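Student: Supplied in structure tokens, the structure appears directly below.
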Amino acid sequence: MALAATSGTLPILLTDAHAEPAPLTIPAPDRFKPVANPVYGAGPGGVVERTEVKDQSALGHYRWTPDGGTPVDLPASSPYDDVNTIGGSSHVSVTSGDVVAIYDSPNKVELADMKSGTTTKYTLPDGHFYRGVFGSAVLTATRDTNGDKNVLHVLRMADGQLTDTPVTGLNGWVAEDGMTLGGDDHTVAIWYAHRDGARGVGLLDLATAEVTPVLPGATGTNAQVVFSDAYVAWYSPEGGNTTARVLPRATPQAADTKIELGSDGEGTPRLGLVGDWLLTTRQIEQAAGNFLVREGAPLTAQPIAGGEPKTLLAHAGWRMAQVPGGGLAVTGGASSRDWAVHRVFVGDDGAPTLRTVREVAPKEGNLTRLSLTAGHLVTAESDTTYLPALFQRNITLGAAPSAGQRSLLARPDAQTTGETAQRVYDYRQPVGTGDGRTVIATTDADGAQVLVVLATDGTKTVVPAVDPQTGEKMPTGSDHYSLVRSASGRYVVFGDSGRGVEDRQYVVDLDASGGPKVVLVRQGQGGLAVWGTKLWMPGDTDGTLQAVDLKSGAVTETERITGGCLPQELQAVGPWVYWDCYPSGTVTSDGHGVYNTQTQQWTYAPRGTLGDCYVVAYDDGRYQLNVTPIGGTPHTVEAFPVQYSGPLVEADRFGGAIAYRKEKNAQITVLDSGVDTSPVAEIESRIEQSVNLASATDAVWDADWQLSKPVTGAQVTIRNKAGHTVFTGPAKEYAAAVAFSWDGRNSDRRYVNAGTYTWELTGTPADGSGAALKVTGTIKLTKPTKTAADQGTDKSIS
């Protein structure tokens, strides 16, 4: 015996489609993390940089970008090679002026003057190992008698001939690993070491090829030395060191100035010099629990002579490039939308100042899930904020489709730790209930299933999956994690997939007395789906479906419709129930289809997502996204390239629209399905049957209706027994739900007489499909008095 519709007239025979709908394109949001754009070198007229590849996190080619000009790719390394270590397979730097030095292993060096277009090419002598280009000099190393690469050479090109000058003054031997710490046109900082193991930093004068020790005892890995015309600055994080040492360039053996850089827990400091200021940013791997640092550390300037530091950029990339002759280049900004390559130079007041050279456009964020319910679009976005989050906007279709303002719906706290907490709003499917709420299923810290209920203002309620008889928490069953399986107004089904005998699925009443709670648990195989007050599940007889009225408890069962197989997935919308016995298996004509609860007939439908009077599905044989009216002919929404694996697509169960996101593209398309939807109907309600207007606590009549789709112009009319209107007022519309309150007064603000009144709810379907909404009922009013005996309440709710 099939269930009848709650109210309204349901179509028996559907038209295939109405007019071609106008699509709405919603651009992809920006990624939270700025685009990686490290600067490897800078000259007076341009910078050497690499930019993150659009569809990948890898870096592209090294390129020279002249200030205000067009970038030019440099012939060094593959576009996905992130090697920039001296002595590695490739290395790019800027020497004097706008000359770019390009090294390609094992022995090729090219000096390209980016201004004149001329080049000078070196072939390193046999046995020489590259250590860097500084000005017009190439620094190399050869092996000593012990086979160690610690004999340094300065190579130059003179009259077309390569000259080789051995480096002297080493006072012992030079360490092989990381021997070159930094340099400019005139000087190179290198590690030196005595045979007794003592180490230090020395300065190699390229003109004389002599090394002068300046920082005896300075040691450490990842050390760095930077040069300006006036200063030399050194820093190594070894041993938790947080102090930089700054030396005067003219007298490097003079006493140094020590500058405190702060806790090394904030990331490894990186140094730069501009005028009389030491600039610092930080190389951050990932500070534990602090996900906000994904934008990058601040760029800060500290006076070398002492004084208050100055923040130049809120966030910056950790690579900075000194400009020969003064200043430096760095990429940074306030956020990914304000990211740019900047030059830092000394202003008229002697302090560092910024000039923007080139903007760096943000990268598209990634959408992992989407939900469209009664025009309420919710997107699960993995990287558009510091942690995966849910965002929401309202969609309007029609002649002038539009998307409302995007706003945050839910996000973990910035300091949240733990994989489950961090990713709850990433890969878990959000589902709209049709009344403005969004639900998502996950697990708590103990691995027990919970339902998260989100109001549009971000208010969050957590409902644990408990046995309603014992109150015991329930873990996930078999190997299937918890998901929301179906939702309609106040009722939500969540839990396991229903494919294992130990799987549990829970039905929650969001508006139960005392707060949301589990009202039904089903263990075993088979899918569940809810629409209005009806919960659908496999029947007691093979091949049948069963419906349980969640308010009355009444049970009805269909005739055999599934060919005897057990439906592992069910979907319910309006008069339609979709079943699939093999959601990830073989496509068979009797393995999935749609049942009409009015005609008690079933028909084949493609495997996909059920909407109101249609199924939307991706045809992976023809590479098409199709909408198939139930019992009608499919029409193609969009065709895709052969290599396309299919879009992320959702049907609006409460409105007739579809939304989809293409592969590797966070852009969303929303459009009407092109199929006439069912007439709007009340599918569940909570209406007070009587009210005592003398109540001191609740002297108002309240009514809430869950509808099958949104309406506009909703209003409630109150009439007396004679049929005369005593009050008419607008109802509050939210998603596909309507609410109304009445204090028992007429339009003149006088209380009406006690008695029984008739109410009538009307509204116009927002999608223009079908007849207007009309729902009626009665209410009993008790006239207010001033006696104490009338101060109680007298209400009942249906």
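The working numbering puts the first residue of the sequence shown at 607, with every later residue one more than the last. Yeah, the Cβ is synthetic: ideal placement off N, Cα and C, and Gly gets one too. These numbers were taken from a predicted model, which means no experiment stands behind them.
Pick helix, strand or coil for residue 1355, following the three-state DSSP scheme.
Tutor: Indexing the sequence shown from 1 puts residue 1355 at position 749. Coil.
Student: Residue 699 to residue 716, Cα distance in whole Å?
Tutor: Walking along the sequence shown from the start, residue 699 turns up at place 93. Walking along the sequence shown from the start, residue 716 turns up at place 110. Going from the Cα of residue 699 to the Cα of residue 716 covers about 11 Å.
Student: Quick check on this structure: which residue in 882, 1239 and 1006 has the alpha carbon closest to the alpha carbon of residue 955?
Tutor: As a first step, residue 955 must be located in the sequence shown, where it is residue number 349. Ranking the options by Cα distance to residue 955, first place goes to 882.
Student: For residue 649 and residue 876, what's the separation of their Cα atoms in angstroms?
Tutor: Position 43 of the sequence shown, counted from the start, is the residue given in the question as residue 649. Position 270 of the sequence shown, counted from the start, is the residue given in the question as residue 876. Rounded to the nearest angstrom, the two C-alpha atoms are 20 Å apart.
Student: Among 1212, 979, 1246 and 1250, which one has its Cα closest to the Cα of residue 1239?
Tutor: Taking the sequence shown and counting its residues from 1, one reaches residue 1239 at position 633. It is 1212 whose Cα lies nearest to the Cα of residue 1239.
Student: Can you find the residues in the same chain that come closer than 7 Å, C-beta to C-beta, to residue 1199, ignoring five residues on each side of it along the sequence?
Tutor: Taking the first residue of the sequence shown as 1, we reach residue 1199 at position 593. Hits under 7 Å: 1185, 1208, 1209, 1210 and 1211.
Student: Considering only residues of the same chain and omitting the five flanking positions on each side of residue 1242, which have a CB-CB separation below 6 Å?
Tutor: Looking up residue 1242 in the sequence shown gives position 636. So the qualifying residues of the chain are 1230 and 1232.
Student: Identify the residues that DSSP records as bridge partners of residue 1052: which are they?
Tutor: One-based indexing of the sequence shown puts residue 1052 at position 446. Looking at the DSSP assignment, residue 1052 forms no beta bridge with any residue, so it has no partner.
Student: Identify whether residue 1029 lies in helix, strand or coil by the three-state DSSP scheme.
Tutor: In the sequence shown, residue 1029 corresponds to position 423, counting from 1. Looking at residue 1029 - three-state DSSP - the assignment turns out to be helix.
Student: When you compare only the Cα positions, how much space is there between residue 1268 and residue 1202?
Tutor: As a position in the sequence shown, residue 1268 is number 662, starting the count at 1. As a position in the sequence shown, residue 1202 is number 596, starting the count at 1. If you take the alpha carbons of residue 1268 and residue 1202, they lie about 32 Å apart.
Student: Quick one: is residue 1384 buried, meaning 16 or more other Cβ sit within 10 Å of its Cβ, or exposed?
Tutor: If you number the sequence shown from 1, residue 1384 lands on position 778. Classification of residue 1384: exposed, given that the 10 Å Cβ count is below 16.
Student: Which two residues bound the contiguous beta strand (DSSP E) that contains residue 1330?
Tutor: Position 724 of the sequence shown holds residue 1330. It is not in any beta strand (DSSP E) - residue 1330 carries neither H nor E in the DSSP assignment.
Student: I think residue 947 touches residue 937, with their Cβ atoms under 8 Å apart; what is that distance to the nearest whole Å?
Tutor: Taking the first residue of the sequence shown as position 1, residue 947 is located at position 341. Taking the first residue of the sequence shown as position 1, residue 937 is located at position 331. Sure, about 5 Å apart at Cβ, within 8 Å.
Student: Take the Cβ of residue 1387 as the centre, count every other Cβ of all protein chains shown within 10 Å, and call the residue buried at 16 or more, exposed below.
Tutor: For the purposes of this step, residue 1387 is taken as residue 781 along the sequence shown, with counting starting at 1. Residue 1387 should be labelled buried.
Student: Between the Cα of residue 1366 and the Cα atoms of 1375, 1320 and 1376, which residue gives the shortest distance?
Tutor: Position 760 of the sequence shown, counted from the start, is the residue given in the question as residue 1366. Of the candidates 1375, 1320 and 1376, the one whose C-alpha sits nearest the C-alpha of residue 1366 is 1320.
Student: Can you tell me whether residue 897 is helix, strand or coil according to DSSP?
Tutor: Residue 897 sits at position 291 when you count from the first residue of the sequence shown. Note: residue 897 maps to helix in three-state DSSP.
Student: Do you know offhand how far residue 1169's Cα is from residue 1205's?
Tutor: Start at 1 with the first residue of the sequence shown, and residue 1169 comes out as number 563. Start at 1 with the first residue of the sequence shown, and residue 1205 comes out as number 599. Cα-Cα distance, rounded: 18 Å.
Student: Report buried or exposed for residue 940, applying the criterion of at least 16 other Cβ atoms within 10 angstroms of its Cβ.
Tutor: The residue labelled residue 940 in the question sits at position 334 within the sequence shown. Residue 940 is exposed by the Cβ-count criterion.
Student: To the nearest angstrom, how far is the alpha carbon of residue 1018 from that of residue 993?
Tutor: The residue labelled residue 1018 in the question sits at position 412 within the sequence shown. The residue labelled residue 993 in the question sits at position 387 within the sequence shown. C-alpha separation (whole angstroms): 7 Å.
Student: With a CB to CB cut of under 8 Å and the five nearest residues on each side skipped, what residues in its chain are close to residue 693?
Tutor: Within the sequence shown, residue 693 is the residue found at index 87, counting from 1. In this prediction, residue 693 scores a pLDDT of 44, lower than 50, which makes its location untrustworthy; no coordinate-derived value is stated.
Student: Using 10 angstroms around the beta-carbon of residue 1394, count the other beta-carbons present and answer buried if the total reaches 16, otherwise exposed.
Tutor: Translated into the one-based positions of the sequence shown, residue 1394 becomes position 788. Interpretation of residue 1394 is limited by its pLDDT of 43, a score under 50 that renders its predicted location unreliable; the figure taken from the coordinates is listed afterwards. The residue in question, residue 1394, is exposed, as its Cβ has fewer than 16 Cβ neighbours within 10 Å.
Student: Report all residues from its chain with a CB closer than 7 Å to the CB of residue 1248; omit the five preceding and five following residues, and keep chain order.
Tutor: On the sequence shown, position 642 is the one that residue 1248 refers to. Hits under 7 Å: 1229.
Student: Taking only runs that begin and end inside the region 796-836, name each unbroken beta strand (DSSP E) of 3 or more residues, in chain order.
Tutor: List check, beta strand (DSSP E) in window: 805-811, 816-822 and 830-833.
Student: May I have the straight-line CA-CA distance separating residue 1290 from residue 872, to the nearest angstrom?
Tutor: As a first step, residue 1290 must be located in the sequence shown, where it is residue number 684. As a first step, residue 872 must be located in the sequence shown, where it is residue number 266. Residue 1290 and residue 872: Cα-Cα distance of roughly 55 Å.
Student: Who are the near neighbours of residue 898 in its chain, counting only those whose CB is closer than 6 Å to its CB and skipping five residues on each side?
Tutor: For the purposes of this step, residue 898 is taken as the residue at position 292 of the sequence shown. 992 and 1020, listed in sequence order.
Student: Can you grab the Cα-Cα spacing for the pair residue 640 / residue 925, in whole Å?
Tutor: As a first step, residue 640 is located in the sequence shown; it is residue number 34 there, counting from the start. As a first step, residue 925 is located in the sequence shown; it is residue number 319 there, counting from the start. Answer to the nearest angstrom: the Cα atoms are 14 Å apart.
Student: Quick one: any contact between the region 997-1014 and the region 1302-1321, if contact means 3 or more CB pairs under 8 Å?
Tutor: Judged by Cβ distances under 8 Å, the region 997-1014 makes no contact with the region 1302-1321, as fewer than three pairs qualify.
Student: Measuring only the C-alpha atoms, how far is residue 1152 from residue 1330?
Tutor: Indexing the sequence shown from 1 puts residue 1152 at position 546. Indexing the sequence shown from 1 puts residue 1330 at position 724. Their backbone Cα atoms lie some 44 Å apart in a straight line.
Student: Answer yes or no: do residue 978 and residue 1256 have a C-beta to C-beta separation smaller than 9 Å?
Tutor: Looking up residue 978 in the sequence shown gives position 372. Looking up residue 1256 in the sequence shown gives position 650. For residue 978 and residue 1256, yes; Cβs fall inside 9 Å.
Student: With H, G and I counted as helix, E and B as strand and the rest as coil, what does DSSP make of residue 1165?
Tutor: Here the question's residue 1165 lines up with position 559 in the sequence shown. Here residue 1165 sits in coil by DSSP.
Student: Would a C-beta distance cut-off of 9 Å place residue 1096 and residue 1104 closer than the cut-off?
Tutor: One-based indexing of the sequence shown puts residue 1096 at position 490. One-based indexing of the sequence shown puts residue 1104 at position 498. No, Cβ-Cβ distance for residue 1096 and residue 1104 is not below 9 Å.
Student: What does residue 1366 pair with, by DSSP beta-bridge criteria?
Tutor: Stepping through the sequence shown from its first residue, residue 1366 is reached at position 760. According to DSSP, which records beta bridges pairwise, residue 1366 is partnered with 1323 and 1382.
Student: Determine the DSSP secondary structure at residue 878, reduced to helix, strand or coil.
Tutor: Taking the sequence shown and counting its residues from 1, the one referred to as residue 878 is at position 272. DSSP places residue 878 in strand when its eight states are reduced to three.
Student: Taking just the CA atoms, how far does residue 1288 sit from residue 1340?
Tutor: Within the sequence shown, residue 1340 is the residue found at index 734, counting from 1. Within the sequence shown, residue 1288 is the residue found at index 682, counting from 1. Taking the straight line joining both Cα atoms gives about 14 Å.
Student: Taking only the alpha-carbon atoms, compute the straight-line gap between residue 796 and residue 909 and give it to the nearest angstrom.
Tutor: For the purposes of this step, residue 796 is taken as residue 190 along the sequence shown, with counting starting at 1. For the purposes of this step, residue 909 is taken as residue 303 along the sequence shown, with counting starting at 1. Their backbone Cα atoms lie some 26 Å apart in a straight line.
Student: Please name the residue, chosen from 1051, 1041 and 1050, that lies closest to residue 1060 on a Cα-to-Cα basis.
Tutor: Here residue 1060 refers to the residue found at position 454 when the sequence shown is read from its first residue. The shortest C-alpha separation from residue 1060 is found at 1041.
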